[in-house]
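Quick note on my numbering: the sequence shown kicks off at 20 and runs consecutively.
Worksheet: the structure to be examined is printed underneath.
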Amino acid sequence: MTLAERYKNILNYFQQHVGKVDSELHYSNEFELLVAVMLSAQCTDKRVNMVTPSLFKRFPSSKELSEATATEVFSYIKSISYPNAKTTHLIAMAKLLEERFWGKVPQTMEELTSLPGVGRKTANVVLAVAFGIGAMPVDTHVLRVSNRIGLAKSDSPLEVEKRLVKYIPKEMLIDAHHWLLLHGRYVCLARKPKCEECNLFQWCKKVGVK
Numbered sequence: 020m021t022l023a024e025r026y027k028n029i030l031n032y033f034q035q036h037v038g039k040v041d042s043e044l045h046y047s048n049e050f051e052l053l054v055a056v057m058l059s060a061q062c063t064d065k066r067v068n069m070v071t072p073s074l075f076k077r078f079p080s081s082k083e084l085s086e087a088t089a090t091e092v093f094s095y096i097k098s099i100s101y102p103n104a105k106t107t108h109l110i111a112m113a114k115l116l117e118e119r120f121w122g123k124v125p126q127t128m129e130e131l132t133s134l135p136g137v138g139r140k141t142a143n144v145v146l147a148v149a150f151g152i153g154a155m156p157v158d159t160h161v162l163r164v165s166n167r168i169g170l171a172k173s174d175s176p177l178e179v180e181k182r183l184v185k186y187i188p189k190e191m192l193i194d195a196h197h198w199l200l201l202h203g204r205y206v207c208l209a210r211k212p213k214c215e216e217c218n219l220f221q222w223c224k225k226v227g228v229k
């Protein structure tokens, strides 16, 4: 099986059996998505969704957040992983949005990653989910699944991103990101993958299929 055939088969499976999927994070605009994704680093979407309603009610835009004190922001996100660092990043991000981008979330990788606390993965999520721009965010789930089913062979998120972008049609990138992410989150788990529930076994490198 060639690499191109592997991609085609796997993408066809997801397209036929999973179809259109959306982010599990709750948000109503680009600013809320950016904040939610920043909070989701090394934290579950479920936990993030528990704290964002009150956070967004108090800070509905970058203006309010940019004027907030660290103590107040921390009080809303203290149950999130790394709340101190994320508090600092959120306030700094909001201030830069106000100062440089008139409170509008930018739509380029360069501009997004210039914001404090926004790395390439976060920027790609915003580009794909908020703006519908073909991008491939590579988090720990996408990285793991891509390697296990033979779509990539690297521990580098950037290298895996490049490989996926090369072989996945641009119009399928957003859906493919969600397919791989959710497969890793619910089936192809890190420590105890649910191989008995997985329908990708015929392409899986982990179980010895070449």
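Using N, Cα and C, we set each Cβ at its ideal position, and we do this for glycine too.
Buried or exposed: where does residue i fall if 16 or more other Cβ atoms within 10 Å of its Cβ makes it buried?
| i | result |
| --- | --- |
| ARG167 | buried |
| ASP194 | buried |
| ALA104 | exposed |
| HIS108 | buried |
| LYS229 | Annotation note: pLDDT 42 at LYS229 (below 50); position unreliable, no value reported. |
| GLU51 | buried |
| ASN143 | buried |
| GLU180 | buried |
| ALA171 | buried |
| PRO72 | exposed |
| LYS140 | buried |
| ASP41 | exposed |
| PRO176 | buried |
| THR90 | exposed |
| THR106 | buried |
| SER98 | exposed |
What is the DSSP secondary structure of residue i, counted as helix, strand or coil?
| i | result |
| --- | --- |
| ASN68 | helix |
| VAL40 | coil |
| CYS9 | Residue coverage of the chain in this structure runs from 20 to 229, which leaves residue 9 outside it and unanswerable. |
| TRP121 | coil |
| GLY203 | helix |
| GLU86 | coil |
| THR159 | helix |
| TYR46 | coil |
| LYS229 | Bear in mind that a pLDDT of 42 at LYS229, under 50, signals an unreliable position, so the model cannot answer this. |
| SER81 | helix |
| CYS217 | coil |
| ILE110 | helix |
| GLN61 | coil |
| ALA154 | coil |
| TYR101 | coil |
| ARG141 | One detail in the question is off: residue 141 reads as Thr in this sequence, not Arg. Three-state DSSP puts THR141 in a helix. |
| LYS189 | helix |
| ALA171 | coil |
Just curious, the alpha helix (DSSP H) that residue i is in, first and last residue?
| i | result |
| --- | --- |
| ALA209 | Per DSSP, ALA209 belongs to no alpha helix (DSSP H) and is neither H nor E. |
| LYS181 | 176–186 |
| VAL148 | Segment: none, VAL148 is in no alpha helix (DSSP H) and carries neither H nor E. |
| LEU131 | 128–131 |
Excluding the five sequence neighbours on either side, which residues of its own chain have a C-beta within less than 8 Å of the C-beta of residue i, listed in chain order?
| i | result |
| --- | --- |
| VAL280 | Past the boundaries of the shown model lies residue 280; the chain is included only from 20 to 229, so the question cannot be answered. |
| MET192 | Checking the sequence, you will find Leu at residue 192 rather than Met. For LEU192, where only same-chain residues beyond five positions count, the Cβ hits under 8 Å are ALA147, GLY153, ALA154, MET155, LEU183 and VAL184. |
| PHE120 | GLU130 |
| SER173 | ASN166, VAL179 and ARG182 |
If you drop the 5 nearest sequence neighbours on each side, which residues of the same chain put their C-beta closer than 6 Å to that of residue i?
| i | result |
| --- | --- |
| VAL184 | MET155 |
| MET112 | LEU134, PRO135 and GLY136 |
| GLY203 | HIS160, ARG163 and VAL164 |
| GLN126 | PHE150 |
Check whether the Cβ of residue i lies closer than 6 Å to any heavy atom of the ligand FMN, and answer yes or no.
| i | result |
| --- | --- |
| ASN48 | Ligands are entirely absent from the displayed structure, and the ligand FMN is therefore not among its contents. |
Among the residues of its own chain, which have a CB less than 7 Å from the CB of residue i, if the five just before and after it don't count?
| i | result |
| --- | --- |
| ALA209 | ARG163 |
| PRO102 | PHE93 and ILE96 |
- Message: Is it the case that the segment 64–78 contacts the segment 148–164, given that we only count it when at least three CB pairs across the two stretches are under 8 Å?
- Response: no
- Message: Under 8 Å, with one C-beta from each stretch per pair, do the segment 86–100 and the segment 27–38 reach the 3-pair mark?
- Response: no
- Query: Does the segment 55–70 come close enough to the segment 39–46 that 3 or more CB-CB pairs lie under 8 Å?
  - Reply: yes
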